[in-house]
Each structure stands twice: as C-alpha cells, then as structure tokens.
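Trainee:
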C-alpha cells in the first residue's frame, strides 16, 4: 500500500509540475494585464510541435539548435498575441478579452493543423528511458527533468519579479498602470516582456513533458484548462500560489485515480476545487478582494 | 408600443423565412439549430448581460434537461411532455441548490466554479454509462406531438422552436423592463450600491440563475426530442464556451444581440466548411477580429453609430446600447 | 468604419465561393460523406477521406460506373455527433446524394441512424460499435469489425495461452467505453474473470496510478481498449513499472503510428487487426492478398503508411458501387437491397457476406491476431 502511494505521489508531482508551469503563465499575464489568457495551453503545444518539426527528417536541425529556436518562436507568438490581439482591444471588458484569447487559441490550433498536420508526435527522452527504482516505485529520468526543470523555472520567475528592475516594473504596471506610466515605466514594453515570459514558460513545459506525454495540434486545450484550474485553486494572480495549485491538482488527480476511481478522477479534482472555493472564495493563497464602489 | 417594435420585426422574420424559402436547408435545418441556440443565448444573457454573472458551465443545465427527457421517455416510457416538466423541475432544483454557494464567488472564481460544474456534469454523463448510455449516447428518443400533430418534419420543428424562441425573447424583454429588471441592471453596475438601494442581491442573483437554467433545460428537452439521439459531446465544456461567445459576440445586455450572436455563430461554421482544412484557423481569426474591433459585440457595436445618426437631431444625449 | 467594409467583403467572398461550389455534373452518382477528418478521431477520418478521394478519382478516370461519373460531397464533423446530424441532413436535403458512406466514430453513426432510416437513405458506416448492426436497422450497413469481435478474438487467444484472470483498462471515449462493455459481457463465455476495471481520460498523460493498482492484483494479462495517445502511454507506463504481464491492445491502435510512439515498449504486445497490416506475410493462396497489396501500394504511393481505417472506406466505396452497378440505377430502395445481397466481396477488412439479418457480413476469421516483434507486425499462428 505504501509503495502504491509513493508511486501515486511521484506521478502526481510530475503531472502537477506541468500544470504548475501553465498556471504560472496564466498568473503572469493576468498580473500584468488583467487578461485570462486561454491560449496559454497553445504555447505548450507550439513549443513542442515546432521543435519536432524543425528536428524532423534528414535535413532536420540538431536538437541543440531546434530546441532554442522553438522556444524563440513561441516567445515570438506570445509577443504577437499581445501586440495584435490584446493591445488593440484596450479597455474591453473581461469577458470580451476571454473571447479574444479563446479566438486566438482556436486560430493558433488552426495554424498548427495546417503546418504540422493531425498526427501525434513524440520527442526523444533527454537521457534514456531506463526506469529509476525508489523502493517499489519507479520513475523515468524524464520525470526528473520535468520536476527539476519546473523547479528551476519557478525559482527563476520568483527571482525575476522580486529582484530585477524589470520584474518590479511589471508588478508596478499591474498595480496601477497610470501611476507606472507617470514614473516613467514603458508599459507597452513591460506587457511584451510579460507575454514573452509566459510563452517561454509554456514552451519549456512543452519541451520537458512531450517525451512522456506526446503532443498533437490540439494538445493545448486540456493543458490550458487544467492550468487555469490550478491557477484558480492557488489564488488567481499569486504566482507561487499558482505553482502550489498545479502540484496540488496533479497530486489530487493521481491519488484519486489510484485510491478512489480512475473514471471519476477529473471530477474529484473539480469537486475539491469547488469545495475550496466555497470555503475560500479567493483560492488557497489568494488575497480577498474588496469590491470598489 | 414602440419599445416592442424590435420584437415584432423579429417575429415577422421568423414567420416569413420558411414561407419565402420553404424546404431550404439553411432555414429548416440550420435555422432550427440557430433558434435553439438563440433560446439558450437569451437565457444566458439574462445572467451574464444583465446580472453580470459569468457562467462557463451553462451546457450542464442544457444537458440535464436533455438527458432527463431522453431517459424518462426511452427507459421508463414516460409521456414526453411530462418528462419535459420533470426535467425543468429537476434542473431548477439543482440550479437553486448550487446557486447559493456558487454565486457568492466573483469574477474569475465564478467562471472557474461554473466551468467545474459543467465538466463534472459531463463526466457523470460519460461515466454513468448504464444509465446515460455513456459516450455512445442514447437513441430512439420519441418525437413530440402537439394535439395529435406529430413533430416529424424539420419544418414543424422550425415552428415549435421559433415559437419557443419568440416566447423566451418576450419574457426576457418583459423581465428587463420590470422592477426586477432594474434590480438586475443595478447588480451589474455595482453590487454594493444595489444593496444600499434596498435590493436583495442574493435573491435577485439566485432568481436569474435559476431562470437561465430553466430556459436551458427546456431547450435541452426540445433538442433531445428533435434529434432523437443525444450524447455527452453535445453538452461539453466547448458548448458552454460557444454559448458565452454567442452572448458576447452579439453584444452583452441586449436580448436581440444574443439572438443575433446565436444566429451568426450557428451559420458561420456552416459557411466555412468550404474552406476545409483552413476552417479552424479562419473561424478563430474571425472570432478574434470581431471582438477586437467591436468589443461591445457586433449587434450593439454596429447598432450604436446607426442609431446615433437617427437620433442626432432629436436629442443630444448619447443613448445606451441595447434594449 | 473600415472594419465594416472588410467584414462585408469577407461575407461576399464566402457567398461567392459557396456559389462556385454548387456547380454539379449533370448526370452523376453522388456519394455523400461525413467524417471526423479533424479532432481526436482524425486518425480514422483522415485516411478514410483520402481513400475515398483516391479511388473515386481513379474510377472516374476509368470512365465511372455505368457510364456515370462519381461525385463526392464530404464534410468534416470533427468527431462531433451533433455536427454529424446536421451534415447528414445537409447531404440528404441540400446535396441530395444517392448514398452516404461515413460516420468515422460510433457516436456519429448512432446519431444519424434514425435520420437515414426516416429518409430512406442507404448508409454505410465506418464505425466500430456492435450497437450499429445489432439490432439490424433497415438502411444502415457497416464495414469495420465490431468491438465485440475484437474482444472475442482477444479472449480466444488468452484462453489458448491459459490466461484466466485479466485486468481491463479503457479510455473514456466512445471506443474505449464500448469496448469495455463488450469485454465485460463476453469474458465469462471464455472462462475469463476481469479482476480489475480501470479507465483514463482522453487527454490523460500518465496512467501509472491505474497500472500500479493493476500490478498489485493477481491478473495474468492486461487488456487495453482505446485509441489515440492513451494506448501508447499505457504501453510505456506498463514497462516503466516493470510489469511483465502480457499486454493486449485493441484494433484501435492498428497503425504504424502506435509502434512509433510506444517504441521498444511495444515489443510483445498483441492485438487483433485486419489482414491489411500484414499483407505481405499472408500465404499466396489467401484470396485477400492481391486486394490488400493493391490498396496498400496505391495508398502508400500517395500518402504514407496505411492503416486499417482507410481500408474500411475502400470496402464501403466498392460495396456501394458494386451494388449500384447491380441495381442498374441509383434508386435508393434497389441499391439498399443490393448492398444487403453482397456476397463474397473480398475487401481489406475480410470477405463480406451480408444478409437481411447481418449488415456487416464478416466472420471472426477476418481478424488476425498480431504480435509486435522487432518494431513490426507478425502474425500469431
């Protein structure tokens, strides 16, 4: 039994680490621009799919070139999303921006469908597929890559927002845009950095997990949904809350699949999320908001 | 009755279309779907547009109505009309029960909670296969008959769906103009301010939430009898999103806007099929562009400048969009 | 308002292109089709559409059927039953087709069955569920082997290997669920006990939790019903957890893609599949062999590796055209009768012998039990 639970936990953390990176992306964009970006899952897909496309075939690039290029491409898509879809709709209501990002996610999926087709693709494991045994539980080296990579990225993001000039400037934009502008912060540039960073996290998540999970043009939908759930669970707009929410959601799913019912595991995840919201209407680590009168 | 002139125009359009184009696929087949979507969108618009409460799980109520009708008529041999009533009662009770805790939430948290509810409902439809038929769905659902008049052609369904849609629009317009309608709009503006004015915000929100759910349930039952086959795919999270899109696309807080959004979003994919592989991309692009350039919705967005031109000479006061 | 001008230009463009699509050859056979060309079931619909287009082009180039050209009208359902219903209506009412071949997924097929029955439209389904032909519906026929046949074939093989306790894991899509139901119903007939019954979601990325539970049961083999990424992940997870039990997959993974994705982990996996995957290995005396090799050559010359799913479209198209040929017209009643009288048709799925009581007409021999060895299919004798 204990062996089983150890396995469920290891699985849960791996899956949760992916959710955490997507949730972190949601959080950063929301903080910077008050937009819930439902195209966040598509960043994950674009990162993975473009890396696969660039390294495929005989004339394919080496992975050392393809992976960075895929990341740059995804960042470019993120910045373009801000420039051409979010920025022109300045002052639109929250629901309108939600529909815009949903439109963007459908659009990106459509482009991926045209460019790369409908097939399912895989990336090679970074360092072999020999399972690592921990007691009776097993892990793949790639699981360690996912956990380690996610941890490093989270620490990096934390450091960026708390210790760099630009990170603090983005936070200032999110608090009060006009005030930020008045003290000489280039709000437009900060927005681009926030969207680029968010896309970067998505691409990294895609590259890290695709060896285990495979990918296809429509792989972003479910990840976007789970990432949003995780961000809400942790408290929307709190980056570290989003990370905690992601890992927690992964654990809940894995433990309920193992211990209760695999058919209803997603339902159990959402029921727990609802219960949390009923008792803490701003998520686990979110600040209660007062309505402005 | 100047304020209802829009309604008469809509009614005339619904009545005239099948007379001018009898047996036209776009009228009697796509049209029926558009009318169904319009019923759902008008109901959801009461909640979203007027009470300002977002719901990303509306397909769940649509599904509960549809499945109650389907299960009672196929498994227990009930009369379809009785099944519809039970469906509405059941959906109403469920909506009432969940409304209290859910409507305490705000903004994105409310969006998440309703989204979660919708997904849970869909998972139950898929997993409780012995009862719901699982992902393969439920078939052989009998059609409705009205005073011995069996609804067995697309045209007959068009009339029933059209009448129901007009009824829904009529009720929605009247609610908005009533005392509770003003309470609703106050809610959208500011809840605290509404409370200060003596409006029972919780009761008002619960009321409109349940009403929207009832409308969806009725639409679900009709859908179930019209299609004679239903499966969980028709009640998924994607359909909830589609409904929200209809409301926002037409223009929030405009009943006609909701109808317009439903019609546009039903016909758009139908027209885009000629683009084959490009369909998904074009659909996404159109959705994005319309919302970027007409953030108030197409109907409201295009109507405002037009109306302003008409009223310019009469009054200098800027009008408020929508009905 | 520039944008309004742009929007109206777009609208006009759409209308024009619609009008352009309406030009129709005067006297032709119109075959309608609605397939899941995109979406989660695109691996079914995509090769099906390609096959239909490939062969209709070829037949037209050779002069058509009865001197008439064949015209294909097809729509992409994305695997959505609601869309399937509206497209089926469009085919019947607007396009006025003579016959429909389509419905890649069971959900789509089941959704349109009442409709084609009412309209009196011959319909050849390309979906798997046994519910499509049991009970027999007058106007609906079906090409692929049923999920019940797959379960029977698998249990038969298990019985020969002395396996009596099986752990079942299935996807929560229509295919997986339906396969699960059939497996649970059939197992007792083969003296097999299902000791574990797990499931996973369509887009799940890790099934180690379910498999860890299975590992701790006394199961002697694992059976996985599903398609898409699920079965490949299950296969990898089984090996990762160090489970050495025999693993059986369903005919839902009968394409090279599965071996590509699962890699070394797929070694030793067994599955029932149509003979198409192992055409070269069949004895020369096998009547199916020339048909299979011919289809494979033509399809692969244009599109890459074959899957059995495209083969169903080949079978459906040819059975339909032969029926129209025999009927001497496109009269729907006559065509329907002729499809029902199909005897000894050698297709990619097997040899079809239909009757008023059997609208599929395949026997259990149509399935071969395959095992994956050295990254390729082999036939289990």
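Residue numbers (our numbering), protein chains in the order written: chain A, 5 to 297; chain B, 1080 to 1402; chain C, 2 to 382. Think of the CB as a built atom: it goes at the ideal place given N, C-alpha and C, for glycine as much as any other residue. Keep in mind that this is a model prediction, so the values were computed, not measured.
Counting only the same chain and skipping the five closest in sequence on each side, list residues whose C-beta sits under 7 Å from that of residue 347 of chain C.
Mentor: 288, 289 and 292
Trainee: Please state the DSSP three-state secondary structure of residue 273 of chain C.
Mentor: strand
Trainee: Between B:1190, B:1326, B:1170 and B:1109, which lies nearest to residue 1297 of chain B when the distance is taken from Cα to Cα?
Mentor: B:1170
Trainee: Would you please verify whether the beta carbon of residue 100 of chain C is less than 8 Å from any beta carbon of chain A?
Mentor: no
Trainee: Okay, do the segment 1137-1150 of chain B and the segment 1283-1302 of chain B touch, 3+ Cβ pairs below 8 Å being the bar?
Mentor: yes
Trainee: With 7 Å as the limit, tell me which residues of the segment 1111-1135 of chain B have their beta carbon closer than that to any beta carbon of chain C; keep them in chain order.
Mentor: 1112
Trainee: Measure the Cβ-Cβ separation of residue 249 of chain A and residue 262 of chain A and say whether it is below 8 Å.
Mentor: no
Trainee: Does the separation of the CB atoms of residue 98 of chain A and residue 231 of chain A fall below 8 Å?
Mentor: no
Trainee: Go ahead and pull the three-state DSSP assignment for residue 172 of chain C.
Mentor: Correct three-state label for residue 172 of chain C: strand.
Trainee: At a Cβ threshold of 8 Å, is residue 1356 of chain B touching chain A?
Mentor: yes
Trainee: Distance check for residue 87 of chain C and residue 34 of chain C, CA to CA, integer angstroms please.
Mentor: 12 Å
Trainee: How long is the line joining the alpha carbons of residue 1330 of chain B and residue 1284 of chain B, rounded to whole angstroms?
Mentor: 21 Å
Trainee: Take the Cβ of residue 108 of chain C as the centre, count every other Cβ of all protein chains shown within 10 Å, and call the residue buried at 16 or more, exposed below.
Mentor: buried
Trainee: Report the partner residues of residue 152 of chain C according to the DSSP bridge assignment.
Mentor: Residue 152 of chain C pairs with nothing; no bridge assigned.
Trainee: CB-CB under 7 Å to residue 22 of chain C, same chain, minus the five flanking residues each way: which ones, in chain order?
Mentor: Residue placement at residue 22 of chain C is flagged as unreliable, the pLDDT there being 43, under the threshold of 50; the coordinate-derived value follows with that caveat. None.
Trainee: Give a yes or no on whether the C-beta atoms belonging to residue 246 of chain A and residue 28 of chain A are separated by under 8 Å.
Mentor: yes
Trainee: With distances taken from CA atoms, which of A:268, A:244 and A:204 is nearest residue 288 of chain A?
Mentor: A:244
Trainee: If you compare alpha carbons, which of C:42, C:321 and C:29 is closest to residue 177 of chain C?
Mentor: C:42
Trainee: Of the residues B:1166, B:1114 and B:1088, which one's Cα is nearest the Cα of residue 1247 of chain B?
Mentor: B:1114
Trainee: In terms of alpha-carbon separation, which member of C:267, C:100, C:151 and C:253 lies closest to residue 72 of chain C?
Mentor: C:100
Trainee: Between which two residues does the alpha helix (DSSP H) containing residue 318 of chain C stretch?
Mentor: In the DSSP assignment, residue 318 of chain C falls within the alpha helix (DSSP H) that extends over 309-328.
Trainee: Could you tell me the alpha carbon to alpha carbon distance between residue 1335 of chain B and residue 362 of chain C, rounded to whole angstroms?
Mentor: 54 Å
Trainee: If you drop the 5 nearest sequence neighbours on each side, which residues of the same chain put their C-beta closer than 7 Å to that of residue 1088 of chain B?
Mentor: none
Trainee: Between the C-alpha atoms of residue 269 of chain A and residue 1222 of chain B, what's the straight-line distance to the nearest angstrom?
Mentor: CA-CA distance, residue 269 of chain A to residue 1222 of chain B, rounds to 36 Å.
Trainee: When DSSP labels each residue in this structure, what does residue 338 of chain C get in the three-state scheme?
Mentor: helix
Trainee: Candidates B:1274, B:1219 and B:1101: which alpha carbon is nearest residue 1307 of chain B's?
Mentor: The closest CA to that of residue 1307 of chain B, considering only B:1274, B:1219 and B:1101, is found on B:1219.
Trainee: The alpha helix (DSSP H) spanning residue 1367 of chain B covers which residue range?
Mentor: 1358-1372
Trainee: Which parts of the segment 87-136 of chain C are runs of the beta strand (DSSP E), unbroken and 3 residues or longer, counting only runs that do not cross its ends?
Mentor: 100-103 and 124-126
Trainee: Thinking residue 340 of chain C and residue 123 of chain C are a contact (beta carbons under 8 Å), I'd like their distance in whole angstroms, please.
Mentor: 6 Å
Trainee: Spell out a yes or no on whether the segment 38-58 of chain C and the segment 1365-1380 of chain B are touching, meaning 3 or more CB-CB pairs, one atom from each, closer than 8 Å.
Mentor: no
Trainee: I'd like to know whether the C-beta of residue 172 of chain C is nearer than 8 Å to at least one C-beta of chain A.
Mentor: no
Trainee: Helix or strand or just coil, what does DSSP make of residue 32 of chain A?
Mentor: In this structure, residue 32 of chain A counts as helix in the three-state DSSP scheme.
Trainee: Which complete beta strand (DSSP E) runs does the segment 18-74 of chain C hold, if anything under 3 residues is left out?
Mentor: DSSP assignment within the segment 18-74 of chain C yields the following whole beta strand (DSSP E) runs of 3 residues or more, N-terminal first: 29-36.
Trainee: Is the shortest distance between the beta-carbon of residue 375 of chain C and the beta-carbons of chain B less than 8 Å?
Mentor: no
Trainee: Excluding five sequence neighbours on each side, which residues of the same chain lie with their C-beta closer than 7 Å to the C-beta of residue 1349 of chain B?
Mentor: 1109
Trainee: Can you give me the Cβ contacts of residue 26 of chain C inside the same chain, cut-off strictly under 7 Å, excluding the 5 residues immediately before and after it?
Mentor: Confidence is the limiting factor: at residue 26 of chain C the pLDDT is only 46, short of 50, which leaves the residue's position unreliable, though a coordinate-based value still follows. Excluding residues within five positions, the ones whose Cβ falls inside 7 Å are 70 and 72.
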